[in-house]
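J.: First residue of the sequence shown? That's -6 in the numbering used here, and the numbers climb one at a time after it. For each residue, glycine too, the CB sits at the ideal point set by N, CA and C.
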Amino acid sequence: MSFHVVRFDDVKPQRWKNGGGVTRELLAWPAPDDWLVRISVADIEKDGPFSIFPGIKRTITVLSGAGIWLDAPLDIALRPKDPPWTFPGDIAPYCELVRGPTRDLNAMFNEKAGVGRLQRWRTGYESKLKWVSFDLDDNPPTLFGVFTLAAATLRTRGGELALPSLSLAWTTAPILDVQLLTSPQAWAFHYTARQ
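1. Just how far apart, CA to CA, sit A145 and G138?
2. Beta strand (DSSP E) containing P81: first to last residue?
3. Using the Cβ count rule (16 or more neighbours within 10 Å means buried), how would you classify Y184?
4. Check whether the stretch 144 to 158 touches the stretch 46 to 62, counting contact only when three or more Cβ pairs, one atom from each stretch, lie closer than 8 Å.
5. Anyone know if the C-beta pair for L173 and A179 falls short of 8 Å?
6. Taking the CB atoms as reference points, tell me whether N99 and I53 lie closer together than 8 Å.
7. Identify which residue in T16, R113, M101 and D40 has its Cα closest to the Cα of R92.
8. Rounded to whole angstroms, what's the CA-CA distance from G107 to R187? Just pull it up for me.
9. Rounded to whole angstroms, what's the CA-CA distance from S33 to R148? Just pull it up for me.
10. Could you give the uninterrupted runs of the beta strand (DSSP E) lying entirely in the stretch 130 to 178, keeping only those of 3 residues or more?
11. Can you look up D36 in the DSSP assignment and give me helix, strand or coil?
12. When you compare only the Cα positions, how much space is there between T164 and S(-5)?
As structure tokens, then:
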């Protein structure tokens, strides 16, 4: 299997410039200083505005805590069981904690160079994620990955890979289908670069 695995505990937290929390950058692909895809876990400690990322599509999902409220122009509450929410990086909504610190998963995709998506994995042993779930027809993405809260086993046609809790597995190898052999809280993401 050609997956890279990044453990949350192995990534050093980076404090935000505004002091409102810390981020652990699990993936900045293809390069940290010039990424097309950035996956991170943020611990939000206090209210404050989001940073602006022009030309970037952002998707956020709450992992733990009571959740957050994103002010205008979004005006939406996000809680741990809610589906991921996507919005343009050109806007910087003010983020308010619902009741105390919250941890979230963030996916950012450069839309000028490709198309990306983050989605919650369906639960159940039989859950199987095929590329048709991403509406990509028969074209496998340039980059595929999975983030899981609980330990899980990732299965593809190339074999099985044990994933520890709070870990990210990603690959640029073509994959036609993939399964998680447990029922954890997990999210899959993909990115297809424009030709």
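T.: On the basis of the supplied data:
1. In the sequence shown, residue 145 corresponds to position 152, counting from 1. In the sequence shown, residue 138 corresponds to position 145, counting from 1. Their backbone Cα atoms lie some 14 Å apart in a straight line.
2. On the sequence shown, residue 81 is found 88 positions in, with the first residue counted as 1. Its beta strand (DSSP E) spans residues W78 to P81.
3. Counting from one through the sequence shown, the residue named residue 184 turns up at place 191. Taking all protein chains in view, the Cβ of Y184 is crowded by 16 or more other Cβ atoms within 10 Å, so the residue is classified as buried.
4. No, they do not touch.
5. Translated into the one-based positions of the sequence shown, residue 173 becomes position 180. Translated into the one-based positions of the sequence shown, residue 179 becomes position 186. Their beta carbons are under 8 Å apart, which means L173 touches A179 by this criterion.
6. Here the question's residue 99 lines up with position 106 in the sequence shown. Here the question's residue 53 lines up with position 60 in the sequence shown. Between N99 and I53, the CB-CB gap stays under 8 Å.
7. On the sequence shown, residue 92 is found 99 positions in, with the first residue counted as 1. Residue D40 is the option with its Cα nearest to R92.
8. Walking along the sequence shown from the start, residue 107 turns up at place 114. Walking along the sequence shown from the start, residue 187 turns up at place 194. If I take the Cα positions, the gap works out to 5 Å.
9. Within the sequence shown, the letter at position 40 stands for residue 33. Within the sequence shown, the letter at position 155 stands for residue 148. Roughly 23 Å between the two C-alpha positions.
10. Fully enclosed beta strand (DSSP E) runs of 3 or longer: 136 to 141, 145 to 149, 152 to 156, 160 to 164 and 170 to 173.
11. As a first step, residue 36 is located in the sequence shown; it is residue number 43 there, counting from the start. DSSP places D36 in strand when its eight states are reduced to three.
12. As a first step, residue 164 must be located in the sequence shown, where it is residue number 171. As a first step, residue -5 must be located in the sequence shown, where it is residue number 2. About 6 Å.
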